[in-house]
């Protein structure tokens, strides 16, 4: 994940763990699903971790890139879809915006 300055084109920050889903942008955070199965929140201004939600994944395995893994957000919910297991998990947002 790379944040680029819109005016200068310079890289503002880089978040390097592998991302396997789309990105969802809120006012202050970017949400993404990492290859290990964790939903992460990254602070938009600094690129630092703002939190994560871990899901029960077999230790040492990664999400399959052969399937789509998607995130969506409404005003008070985050929807996480794991394509390899065809499961959707819905989380209530608390203090994200």
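Numbering (the working numbering), first residue to last: 16 to 112.
C-beta atoms are modelled at their ideal positions from N, C-alpha and C, and glycine is treated no differently.
Contacting residues, own chain, Cβ-Cβ under 7 Å from residue i (five flanking each side not counted)
i           : result
residue 61  : 28
residue 100 : none
residue 44  : 56, 57, 58, 59, 65, 111
C-alpha distance - residue i paired with residue j, whole-angstrom precision
i           : j           : result
residue 108 : residue 26  : 29 Å
residue 91  : residue 106 : 9 Å
residue 50  : residue 24  : 28 Å
residue 37  : residue 22  : 24 Å
residue 48  : residue 86  : 8 Å
residue 102 : residue 96  : 6 Å
N- and C-terminal bounds of the beta strand (DSSP E) containing residue i
i           : result
residue 26  : 26-29
residue 48  : 44-48
residue 64  : 64-68
residue 101 : Segment: none, residue 101 is in no beta strand (DSSP E) and carries neither H nor E.
Sequence-distant residues of its chain with Cβ nearer than 6 Å to residue i (five each side left out)
i          : result
residue 20 : 27
Reduced DSSP category for residue i - H, G, I as helix; E, B as strand; rest coil
i          : result
residue 41 : coil
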